[in-house]
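Structure first, commentary second.
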Amino acid sequence: MKRHLLSAADLTRDDALLILDTGEELARLADRPIKKLPTLRGRTVVNLFYEDSTRTRTSFEAAAKRLSADVINFSAKGSSVSKGESLKDTALTLEAMGADAVVVRHQASGAPHRLANSGWIQGAVINAGDGTHEHPTQALLDAFTMRRRLGSFDGRRVTIVGDILHSRVARSNVRLLHTLGAQVTLVAPPTLLPVGVATWPCAVSYDLDAELPKSDVVMMLRVQHERMNAAFFPSAREYSRRYGLDGRRFAAMPEHAIVMHPGPMNRGMEITAEVADSPRSTIVEQVTNGVSVRMAVLYLLLSGSESAIGQIAQIGESE
Amino acid sequence: MSSFLLRGVRPLGGDPVDLLLADGRISEIGAGLSAPGAHVVDADGLVALPGLVDLHTHLREPGREDAETVETGTQAAALGGFTAVHAMANTSPVADTAGVVEQVWRLGQQYGHADVRPVGAVTVGIAGEQLAELGAMADCPAGVRVFSDDGHCVSDAVLMRRALEYVKAFDGVIAQHAQEPRLTEGAQMNEGEMSAVLGLGGWPAVAEEAIIARDCLLAAHVGSRLHVCHVSTAGSVELIRWAKGKGWDVTAEVTPHHLLLTDELVASYDPIYKVNPPLRTAADVEALRAGLADGTIDAVATDHAPHPDEAKDCEWAAAAMGMLGLQTALSVVQQVMVDTGLMSWADVADRMSTRPARIGRTDGHGRGLTVGSPANVTLVDPNTTWTVDPHALASKSHNTPYRRLTLPGTVYATFLRGNATVLDGKLA
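Protein sequence lines, in the order shown, are assigned to chains E and H.
Quick note: the first sequence uses the numbering used here, first residue -11, plus one each step.
Quick note: the second sequence uses the numbering used here, first residue 537, plus one each step.
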């Protein structure tokens, strides 16, 4: 595995499967009375968040703490030059504090690349969402959830619906699911697909109803109401009618198919309450799985070796 | 005034001759010249070009002397083989009055490394709302002929029409930064395959081409002269070819970086590659080279844009747009146009001296290597290479995208009206 996790494209199929398998081992901890492993004792993980994201930050925090790492939460507002401290100076500060890993969420696409490649810090950099670029641990937890529900990826059809243009979740999922052997179809109004999407390893459709009957997974993305002000679509109602997942469309999906959403949801916009709360919706499960997968990523990047799974099993037995 | 005898130079890459520069002019051309008292330069095998003229330079003074000054910028120009540069108007204060353009012009005269021709802003404060006093800038000692809001597009069609018409009174030209503003809100890089993957806001080719098409039609309608700055797309080349085919008075420039670099470099997220207009695709680069070779594109212009380190040492979205260009322009052109066989040295002289001087009405420049012409001469050694070290450049800033790259061709000497500004590759 590479030293940083910046993009889902950094992961080979073996890397991704190792993370998912390690996550499964670590997930078993959650059923024990003592949920903590000593693995990262004495290591420091910094959560560097330039955007508010309680769910992702707390997920990484729980993951690091369950591995006994020291966690520093560093909330930074604004970006460089114009307001506050520059990314470089913040990075040099974190380096001086001895960060072994920096988990970064930033509104600028590529900010984690800059942290990892500019020589400002030595530790591992984990991308926790950068602008409209990528969110690789979200894709890993989504894959983890799919594998648990469906068994394998080969030939599975995953339909991702919504604001692909601005979605880092979609970009990471397309890369990772392709690597893992699934077939991805993106569904969106043409205005919310990037120019250049034709070169991505996936199919593209404007017609949700045509895709639903052949989908094993339907992943709904959050669509912001404000997008209609920039003429991406005429109104929230029209968006819902054409691209929202309601009870009627849910009924058109195969019986084994699941519904996913990375959250936070816009109930009534891209998804109705009855679908979101159905037993075939994995939305809450995704949150739980997020902690296991992020534990696996931290574990493999900070103390990583191929024998990770064996070690965890041993520790499990000795407790 | 000292005189120089250049022995064995190859004018425009032709057969070796001697060139005598005396009294500010090329006084003699021939074999085995002798000139008692002249400084003899053993220039055996060096290519002699008319002094290069840059239509598009950001010297940053007044206002951003931390990035560049007229002194350091013209030193970089001389070392790059230029004898005249056109200083863009987006300074602070903006060069939108006779006072500011005259200040910049006088600073150029004071340092003497290269002639500085100030470009005047088209609109007050480059705000795109009201015409600046173009006539006052034309009539002042700086004698402004090129007007541009560069950095911003004169996007209002009526304002652009009026500007094109108005400058006819004093033989001026509007140099347009073609960028439709609404189509480029939040734009960070070329819109296409790479922007889709990298999640950076797209700067579509159509935003440049739509303005160029409109401006060509406007210029034709009112019978004015239009110059298009830093053309970056294949479609733009086609539009300019079409306008020229109609016989309209439209000229265009291309930057060295758009002739060499592509948007694939943005995958590093290193803002050293952030520039406006953005780096485009390999297909665009190919079309630009072809357009320059066949003369559709008239000039190579550097868009030399110095920025302090902190403006690039940050995340992509926060970084400033622009890159250095004066000291690397001729080498890049040699690499992509001459060494590839697309252009001769005579073509280089045409695109980097004759035509830019004509577009800018830059008196005394671009006149060719003939007896009696002003002695603005550049000597380049095409058989040497050099490795670009950002900290060894004369510019105050270091934002060159060619760092650590080895390029062909070194400027050996530059003469401005018979005086050496550069000799033996160093400032004279």
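Ideal Cβ placement from N, Cα and C applies to all residues, glycine included.
- Taking a contact as a CB-CB distance under 8 Å, the pair C765 (chain H) and D883 (chain H) does not count as one, their CB atoms being some 21 Å apart.
- Of the residues H:L866, H:S684, H:P572, the one whose Cα lies closest to the Cα of P586 (chain H) is H:L866.
- The residue among H:V577, H:D559, H:L555 with its C-alpha nearest the C-alpha of A567 (chain H) is H:L555.
- Taking CB atoms only, R(-9) (chain E) has no neighbour in chain H less than 8 Å away.
- By the beta-carbon neighbour count (other beta carbons within 10 angstroms, threshold 16), R940 (chain H) is exposed.
- Counting along the chain, the unbroken alpha helix (DSSP H) around N105 (chain E) starts and ends at 99 to 105.
- Not a single C-beta of chain E is nearer than 8 Å to the C-beta of E716 (chain H).
- Judged by beta-carbon spacing, L548 (chain H) lies within the 8 Å limit of L905 (chain H), meaning their Cβ atoms are closer than that value.
- Here V281 (chain E) is not near L55 (chain E), since their CB atoms are 8 Å or more apart.
- Less than 8 Å separates the beta-carbon of V680 (chain H) from that of V637 (chain H).
- Taking one beta carbon from each stretch, the stretch 821 to 833 of chain H and the stretch 896 to 912 of chain H have fewer than 3 pairs nearer than 8 Å; the two do not touch.
- I7 (chain E) carries a helical assignment under DSSP once its states are collapsed to helix, strand and coil.
- In the structure shown, Q870 (chain H) adopts helical secondary structure according to DSSP, grouped into three states.
- In the three-state reduction of the DSSP assignment, W108 (chain E) falls in the coil class.
- Bridge partners of S880 (chain H) according to DSSP: none are assigned.
- For W852 (chain H), the closest Cβ of chain E is nearer than 8 Å.
- Exposure of N919 (chain H) is indicated by the presence of fewer than 16 other C-beta atoms within 10 angstroms of its C-beta.
- Contact annotation: V872 (chain H) and W881 (chain H) have beta-carbon atoms that are not nearer than 8 Å.
- Residue range 792 to 796 is occupied by the alpha helix (DSSP H) that includes H794 (chain H), with no beta strand (DSSP E) assigned at that position.
- Below the 8 Å Cβ cutoff, chain E contributes S74, K76, S106 as neighbours of D849 (chain H), in chain order.
- Not a single CB atom of chain H sits nearer than 8 Å to the CB of V247 (chain E).
- Going by DSSP, N935 (chain H) is part of no alpha helix (DSSP H) at all; its letter is neither H nor E.
- Contact check for M248 (chain E) against T133 (chain E) passes: the beta carbons are separated by less than 8 Å.
- Under the criterion of beta carbons closer than 8 Å, S684 (chain H) and V655 (chain H) qualify as touching, at roughly 5 Å.
- Around the beta-carbon of S223 (chain E), fewer than 16 other beta-carbon atoms lie within 10 Å, marking it exposed.
- A distance below 8 Å between beta-carbons, with the five flanking residues on each side excluded, links H794 (chain H) to the following residues of its chain, in chain order: H766, V767, S768, P813, L815, R816, D820, V821, L824.
- At a cut-off of 8 Å between C-beta atoms, A732 (chain H) counts as an interface residue with respect to chain E.
- DSSP places Q646 (chain H) in the helix class (H, G or I) of the three-state scheme.
- Per the coordinates, the alpha-carbon of F220 (chain E) lies some 5 Å from the alpha-carbon of T179 (chain E).
- Counting only runs that start and end inside the stretch 763 to 833 of chain H, the alpha helix (DSSP H) elements of at least 4 residues fall at 770 to 781, 792 to 796, 818 to 829.
- For E729 (chain H), the chain E residues whose C-beta falls within less than 8 Å of its own C-beta are G184, T187, listed in chain order.
- A Cβ-Cβ contact shorter than 8 Å links C689 (chain H) with A714 (chain H).
- Closest in C-alpha terms to I747 (chain H), from the list H:G771, H:E727, H:E729, H:V758, comes H:G771.
- Taking a 10 Å sphere around the C-beta of V206 (chain E), we find 16 or more other C-beta atoms and assign the residue as buried.
- For G945 (chain H), the enclosing beta strand (DSSP E) starts and ends at 942 to 952.
- In terms of beta-carbon proximity, G599 (chain H) stays away from the interface with chain E, with every pair separated by 8 Å or more.
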